[in-house]
Every structure is written in structure tokens, then in C-alpha cells.
Amino acid sequence: MYIGRLHAEHFRNLDTLEWWPHRHFNLVTGQNGQGKTNLLEAISVVAGLRSFRSARLQDCVQFGQERATVAVQAERQGVRCDLAVQFGASARKLFVDGKPTAGVSTYLGKLVAVLFTAADLQLPHEEPEARRKYLDRVVFNHEPAHLGDLRQYERVLASRNSLLRQARLGPVDPQLIDVYDGLLAQHGARIIARRAAVLARFAPVLSEVFARIAAPGLSAEIAYAPRGVKKADRDVADLQDELLGALRERRDRDLAMGHTTRGPHRDDVGLWIGGRPAQLHASQGQCRALVLALKIAEIRSLEASLGEPPILLMDDVSSELDAERNRALMTYLEELGGQVFLTTTDARFIRVAAPRQVFAVHAGALTPGAVLEGAAQGES
Amino acid sequence: MQLPQAIERLSSLLARLPGVGERSAQRLALHILKQEPAYAEALSGALAGLHSGVRFCERCHHRATANLCGICSNPHRDASLLCVVEDVPDLLALERSGEYQGLYHVLHGVLSPLRGVGPRDLTLEALVRRIDAEAPAEVILATSISVEGEATASYIQSLLRNRPVLLTRIASGVPQGTDLEYLDQGTLGRALRARHSLLRP
Ligand SMILES: [Zn+2]
Numbered sequence: 001m002y003i004g005r006l007h008a009e010h011f012r013n014l015d016t017l018e019w020w021p022h023r024h025f026n027l028v029t030g031q032n033g034q035g036k037t038n039l040l041e042a043i044s045v046v047a048g049l050r051s052f053r054s055a056r057l058q059d060c061v062q063f064g065q066e067r068a069t070v071a072v073q074a075e076r077q078g079v080r081c082d083l084a085v086q087f088g089a090s091a092r093k094l095f096v097d098g099k100p101t102a103g104v105s106t107y108l109g110k111l112v113a114v115l116f117t118a119a120d121l122q123l124p125h126e127e128p129e130a131r132r133k134y135l136d137r138v139v140f141n142h143e144p145a146h147l148g149d150l151r152q153y154e155r156v157l158a159s160r161n162s163l164l165r166q167a168r169l170g171p172v173d174p175q176l177i178d179v180y181d182g183l184l185a186q187h188g189a190r191i192i193a194r195r196a197a198v199l200a201r202f203a204p205v206l207s208e209v210f211a212r213i214a215a216p217g218l219s220a221e222i223a224y225a226p227r228g229v230k231k232a233d234r235d236v237a238d239l240q241d242e243l244l245g246a247l248r249e250r251r252d253r254d255l256a257m258g259h260t261t262r263g264p265h266r267d268d269v270g271l272w273i274g275g276r277p278a279q280l281h282a283s284q285g286q287c288r289a290l291v292l293a294l295k296i297a298e299i300r301s302l303e304a305s306l307g308e309p310p311i312l313l314m315d316d317v318s319s320e321l322d323a324e325r326n327r328a329l330m331t332y333l334e335e336l337g338g339q340v341f342l343t344t345t346d347a348r349f350i351r352v353a354a355p356r357q358v359f360a361v362h363a364g365a366l367t368p369g370a371v372l373e374g375a376a377q378g379e380s
Numbered sequence: 381m382q383l384p385q386a387i388e389r390l391s392s393l394l395a396r397l398p399g400v401g402e403r404s405a406q407r408l409a410l411h412i413l414k415q416e417p418a419y420a421e422a423l424s425g426a427l428a429g430l431h432s433g434v435r436f437c438e439r440c441h442h443r444a445t446a447n448l449c450g451i452c453s454n455p456h457r458d459a460s461l462l463c464v465v466e467d468v469p470d471l472l473a474l475e476r477s478g479e480y481q482g483l484y485h486v487l488h489g490v491l492s493p494l495r496g497v498g499p500r501d502l503t504l505e506a507l508v509r510r511i512d513a514e515a516p517a518e519v520i521l522a523t524s525i526s527v528e529g530e531a532t533a534s535y536i537q538s539l540l541r542n543r544p545v546l547l548t549r550i551a552s553g554v555p556q557g558t559d560l561e562y563l564d565q566g567t568l569g570r571a572l573r574a575r576h577s578l579l580r581p
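Residue numbers (our numbering), protein chains in the order written: chain A, 1 to 380; chain B, 381 to 581.
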């Protein structure tokens with residue numbers, strides 16, 4: 001899949017944009033604060049209806065404007081598909097092939113983009129929430145329905161927590177808490193089952209990719225660490241029963257804490273290098289190799305389920321990787337053959353020999369540069 | 381001030397209506413001003429008489445002019461069926477679908493701890509009393525297919541646990557998060573016909 005044309009209006013600091021990106025490598029250059037990350041953000045918004053920088057799409061609307069529009073002409077499996085999203089103060093509007101559509105499910109999945117930012121390199125050292133989000137993104141890429149389940153789960157969770165806090169101020173009917181326990185177990189079990197199923201397919205790919213890019217003899221594993229059930233690879237009905245039991249058992253404690261202490265909102269993902277937890281025992285270089293492997297594995301398993309490579313968005317990653325990892329990454333991207341968007345302050349960081357085009361971003365305006373082929377300048 | 385105070389006053393009141401912004405409230409106020417004065421008088425008369433002319437049906441809590449609403453006082457309605465809805469627009473949507481001939485019970489809301497709506501804020505006690513008194517054969521839970529609607533249906537299910545009544549839920553083929561009133565009549569009719577029985581816990 002690739003984007004043939006991208007149109008953006010009133011999006012962050014970008015001038016009204018008509019962009020015909022290169023079919024393979026797009027090197028977006030510019031100093032910090034000029035808008036190169038905004039371009040990647042626009043692509044991720046039109047693909048996944050979410051921004052990787054703000055919780056609310058509204059934050060992407062240019063200051064002083066009511067609404068923003070991002071539209072793409074994309075091609076998937078050789079079939080053209082037009083997608084557009086409008087958002088702002090009023091309700092979000094979605095268009096597929098020029099026709100308004102109310103359902104997110106008919107929209108999502110038509111254009112799939114994988115994002116890789118410098119912040120991802122910290123993943124092994126982050127709080128569990130960051131790894132959970134990473135996992136959910138992987139799961140969502142495979143099964144878009146996951147997003148709806150997550151939203152509902154979050155709403156049930158917020159309702160239950162609110163009830164637990166109300167119980168501190170006055171009596172609350174225990175039957176009412178039972179109701180939210182039941183809903184939490186029902187929605188939570190679906191989330192756990194999906195996370196476990198996608199991760200089971202994903203884990204061997206990660207180990208294999210890591211073996212290719214890391215020092216010989218070093219192995220890496222990823223493992224789901226659920227916090228609500230003991231074993232996650234079971235029937236949804238069994239997971240639901242177990243989670244419900246855990247919630248009931250923790251009721252008094254939850255009432256005392258004022259929030260829900262068991263459930264998939266507390267899950268983590270264990271990352272292991274050489275049989276030991278990465279965040280405790282691995283070097284910085286090993287951790288970065290692991291994150292790189294996580295990303296490549298994500299792209300590969302997504303490619304397998306889509307039947308073609310997804311679009312890749314890389315925000316200022318190369319400057320954070322050493323020469324060897326950079327070479328491993330670029331070699332992989334060239335082999336993959338999909339459409340890639342890379343931002344960098346200096347195009348010379350990007351040692352890529354595949355057909356590519358440089359685009360310069362300055363004060364929200366995009367200037368196309370030459371189409372290049374062959375080895376990058378300055379490469380030894 | 382850009383506009384005379386009388387216009388500002390009306391538009392600030394209109395702007396409190398759902399879906400009406402400040403600018404469209406001003407446009408409405410100016411539009412009313414453009415009509416014959418008789419229209420503004422009729423409008424204000426209608427508003428003044430609204431509260432005194434409408435009360436709650438004492439049986440189903442639908443809006444009514446007398447003690448009983450038009451549905452509850454209609455002898456041809458099937459009193460063995462009781463359909464629980466969130467609000468009056470949902471009742472009207474079911475009426476429009478033409479699929480339903482039973483009686484209703486209007487909750488006037490859904491359970492929502494996030495918005496501070498608890499069981500006491502709904503007509504739940506009246507519902508339980510009514511089911512005991514009228515003994516319908518079937519109670520259809522037609523709250524919306526959303527987290528709040530599901531929670532409300534599930535809570536009613538636990539309130540009615542020990543009562544000899546068939547409890548059913550409208551089909552969940554209805555898209556998540558949809559209010560019944562926005563469903564087209566065909567979809568709503570299907571959801572009603574495809575209702576399923578809730579197992580007793
Ligand atoms: Zn009535």
C-alpha cells in the first residue's frame with residue numbers, strides 16, 4: 001500500500017498541502033519546529049484516526065481555525081481508495097471514496113501506518129502503560145475491532161472507579177458494583193484474549209528478527225504479563241469467569257483504594273534479553289537493538305496479515321541509533337520495499353541506496369527536492 | 381453591546397437548548413423578530429403553558445396530559461408486554477416502528493456513575509412495584525446498546541432476579557453506542573423482533 005497524494009488543510013502549522021510523495025523513500029528534512037513531524041502526524045491521523053502526540057484530534061487544528069481536513073489517495077493491493085477525515089469543534093466526519101461514512105469500522109484498516117519515534121527507544125525502561133500501548137497498537141493493527149473494545153473497557157472501568165469513590169461518601173448498592181464487575185469482566189476478557197492471541201503470533205517473529213540484528217548468541221523474548229488472570233491463552237468465557245472472580249475477591253481492597261486493582265488496564269509486556277529482564281540487565285545498545293527488533297517484527301507480522309507492507313513513519317530515529325543499527329534498519333527497509341516516510345534534521349544521516357526523494361520543510365511549507373537513486377553521498 | 385438587550389436575552393436562553401450554538405441562537409432570535417408579532421406571542425404562550433399542561437403518566441412515566449398517558453389508557457394495548465426505555469424519544473421511536481403493541485416504562489435516564497446518575501435518579505422503584513402489581517408476562521429491556529445502557533439493563537436484571545417474569549433484551553445487532561431514537565425503523569423493528577431472553581444468574 002502507498003499514498004499517492006496527501007491533502008491537508010488547517011493541520012497544525014502546515015500550509016494547505018498538496019503532496020505527491022515518492023513511492024518508496026521520502027526523506028523529510030528540516031530544522032526542529034518547522035513542521036516535519038506534523039506531516040507524519042497528518043498521515044497517522046488519516047490512517048488511524050488518532051494522533052501520536054495528543055489525546056484529542058482537536059489539538060491538531062491550526063490555531064484560529066474551526067476544523068482541519070486530511071485526505072489521502074491511497075492504493076491498497078492495486079486498488080485505489082480515497083480516505084478523508086474532518087475534525088475540530090464539531091463532530092468528526094469520515095469519508096471513504098468521497099462518501100460520508102458513520103462507522104469507524106468501515107474506515108479503519110484501509111490504510112495502515114506503523115510509527116517509529118525516538119521515544120520508542122526508551123520502551124524497555126518506561127512504565128507498563130507505554131508497553132501496554134505498544135502492545136495495543138500491534139493488536140489494533142492486526143484487528144481493528146480492538147480499539148472499540150478498549151474504549152468500552154475504559155468507560156466501564158471509569159464508571160466502576162467512580163462508583164468505588166462514591167462508596168466512600170455514602171452507601172452504594174453492592175448489586176450496582178456487581179453490574180460493573182460483570183461488564184468489566186466481559187469486556188476485559190475480550191481484550192486479554194486478543195492481546196494473548198496476537199502476541200503468540202508475534203513473539204517468534206521478534207526472537208528471529210533480534211537474532212539477525214543483535215550480537216551472535218544473544219536471544220530476546222517478549223511475553224504477555226496479564227494482571228487479572230493467571231494464564232491468558234484460554235477461552236474468552238474462562239477468562240471472563242476468572243477475571244470476575246478476581247474482581248469480587250479484590251472488592252474490599254478496591255473500595256479502600258478507590259480504584260480497580262485487577263484487570264487488563266494493569267497488564268504489562270515482559271521484554272527479555274539473554275533470559276533476563278531487559279530493563280534491569282541489558283546495555284543501552286542491546287535495548288535499542290531490542291526495540292528495533294520489536295518494530296521490525298511488528299512491521300513483518302503486519303505485512304503477513306495485510307499481504308503487503310504497511311506504510312512506515314519514522315520520526316527522527318536515525319540520529320538516535322549507532323551506525324550498525326542504522327545500517328540494519330535501512331537494509332531491512334530497502335528489502336521490505338514499502339513506502340517509508342523519514343524525518344531527519346540532516347538527510348546525510350539516512351544511508352539508503354533505494355529510490356528516494358528529499359522534501360524540505362520550512363515554516364510549515366513543503367518543498368520537493370530531487371529524486372535520487374544509488375548510494376547516498378558521503379557513504380564509505 | 382452589538383444587539384438590543386431583548387434580543388440578547390432571548391438568544392442567550394435559546395443557546396441553552398441542545399445543539400444550538402450562540403450564533404444560531406442569535407439567528408433564531410432575529411428570525412422570530414422578523415415574523416408577525418402574533419408568532420412571538422403564540423410561542424411565548426406555548427412555552428408558558430408547557431409545564432402546567434404536561435405531567436408524568438403515573439403508570440409508565442411517559443409525558444401525559446391526564447393521570448394516564450394515551451398509551452396506558454388505550455384498552456387495545458397488550459398489557460402482558462412491558463418495554464423499558466431510557467427516555468421519551470426512544471418510546472416515540474418504537475411507536476414509529478409500528479412493531480410494538482405493548483406498554484412502556486420510561487426510566488428518564490440511564491445509570492452513569494460518571495455523570496452522578498444512580499438508581500434513585502431513575503424510575504426503577506416504580507418499575508419493580510409495577511411489575512409486582514401488574515405481573516406482565518415479559519419485560520423487554522430496550523435501553524441503548526452502550527456501556528450505560530448495558531449497565532442499566534444488567535442492574536434491572538438483578539433487581540428482578542426473583543420475580544416470575546420473562547426478561548428479554550433487544551438484539552445487540554444494533555451498533556454499539558447508538559441511541560434507539562436514531563435507528564431507522566427497519567433496524568429498530570429487527571432489534572425488537574430478535575430480542576433474546578436473559579438467563580437468570
Ligand atoms: Zn403511561
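All C-beta atoms in this analysis are idealised placements derived from N, C-alpha and C, irrespective of residue type, glycine included.
Neighbour flag for residue i against chain B, beta carbons, 7 Å
{"i": "A/Ala-278", "result": "no"}
{"i": "A/Ser-159", "result": "yes"}
{"i": "A/Gln-152", "result": "yes"}
{"i": "A/Ser-380", "result": "Note that A/Ser-380 has pLDDT 38, beneath the 50 cutoff, so the model's placement of it is unreliable and the number below is only indicative. Judged by the 7 Å Cβ criterion, A/Ser-380 is not in contact with chain B."}
{"i": "A/Gln-31", "result": "no"}
{"i": "A/Ser-162", "result": "yes"}
{"i": "A/Pro-128", "result": "no"}
{"i": "A/Val-61", "result": "no"}
{"i": "A/Arg-155", "result": "yes"}
Endpoints, the beta strand (DSSP E) within which residue i is located
{"i": "A/Ile-3", "result": "2 to 9"}
{"i": "B/Ile-520", "result": "518 to 521"}
For residue j and residue i, the rounded distance between their alpha carbons
{"i": "B/Ala-506", "j": "B/Tyr-484", "result": "12 Å"}
{"i": "A/Phe-116", "j": "A/Gln-186", "result": "33 Å"}
{"i": "A/Gln-357", "j": "A/Val-61", "result": "28 Å"}
{"i": "A/Phe-381", "j": "A/Leu-292", "result": "Residue 381 of chain A lies beyond the stretch modelled for chain A, which goes from 1 to 380, so this question has no answer here."}
{"i": "A/Glu-335", "j": "A/Arg-262", "result": "43 Å"}
{"i": "A/His-7", "j": "B/Phe-436", "result": "53 Å"}
{"i": "A/Leu-369", "j": "A/Leu-94", "result": "A small correction: the amino acid at residue 369 of chain A is Gly; Leu does not occupy that position in the sequence shown. Their Cα atoms are separated by approximately 32 Å."}
{"i": "A/Gln-279", "j": "A/Arg-165", "result": "35 Å"}
{"i": "A/Val-317", "j": "A/Gly-30", "result": "14 Å"}
{"i": "B/Ala-444", "j": "B/Val-434", "result": "6 Å"}
{"i": "A/Gly-148", "j": "A/Leu-108", "result": "11 Å"}
{"i": "A/Gly-33", "j": "A/Leu-312", "result": "21 Å"}
{"i": "A/Ser-380", "j": "A/Arg-351", "result": "Because A/Ser-380 sits at a pLDDT of 38, beneath the cut-off of 50, its placement in the model cannot be relied upon, and the point is left open."}
{"i": "B/Pro-398", "j": "A/Arg-250", "result": "41 Å"}
{"i": "A/His-24", "j": "A/Glu-324", "result": "22 Å"}
Nearest-angstrom Cβ-Cβ length linking residue i and residue j, presumed shorter than 8 Å
{"i": "A/Glu-41", "j": "A/Arg-53", "result": "6 Å"}
{"i": "B/Leu-471", "j": "B/His-442", "result": "6 Å"}
{"i": "B/Val-519", "j": "A/Arg-155", "result": "Not really, about 26 Å apart at Cβ, beyond 8 Å."}
{"i": "A/Val-361", "j": "A/His-22", "result": "15 Å between Cβ atoms; not a contact."}
{"i": "B/Pro-499", "j": "B/Leu-491", "result": "7 Å"}
{"i": "A/Gln-73", "j": "A/Gly-4", "result": "5 Å"}
Residue-level contact to chain A via CB, residue i, 7 Å cutoff
{"i": "B/Val-527", "result": "yes"}
{"i": "B/Leu-487", "result": "no"}
{"i": "B/Pro-493", "result": "yes"}
{"i": "B/Ala-531", "result": "yes"}
{"i": "B/Tyr-419", "result": "no"}
{"i": "B/Ser-432", "result": "no"}
{"i": "B/Ser-460", "result": "no"}
{"i": "B/Asp-538", "result": "Reading off the sequence, residue 538 of chain B comes out as Ser, not Asp. Yes, contact with chain A."}
{"i": "B/Ser-534", "result": "yes"}
Identity of the residues DSSP links to residue i by a beta bridge
{"i": "A/Val-340", "result": "A/Phe-25 and A/Leu-312"}
{"i": "A/Lys-93", "result": "A/Gln-86"}
{"i": "A/Val-371", "result": "A/Gln-357"}
{"i": "A/Trp-272", "result": "A/Glu-221 and A/Pro-277"}
{"i": "B/Gly-482", "result": "B/Asp-458"}
{"i": "B/His-576", "result": "B/Arg-549"}
{"i": "B/Ala-444", "result": "B/Arg-435"}
{"i": "A/Phe-349", "result": "Answer is none; A/Phe-349 lacks a bridge partner."}
{"i": "A/Leu-17", "result": "A/Ala-8"}
Terminal residues of the alpha helix (DSSP H) in which residue i lies
{"i": "A/Glu-75", "result": "That residue, A/Glu-75, is in no alpha helix (DSSP H); its beta strand (DSSP E) goes 67 to 76."}
{"i": "A/Thr-106", "result": "104 to 107"}
{"i": "A/Arg-40", "result": "Before going further, note that residue 40 of chain A is Leu rather than Arg in the sequence given. Segment 36 to 48, the alpha helix (DSSP H) holding A/Leu-40."}
{"i": "A/Leu-306", "result": "284 to 306"}
{"i": "B/Glu-466", "result": "Counting along the chain, B/Glu-466 falls outside any alpha helix (DSSP H), and DSSP gives it neither H nor E."}
{"i": "A/Leu-163", "result": "145 to 169"}
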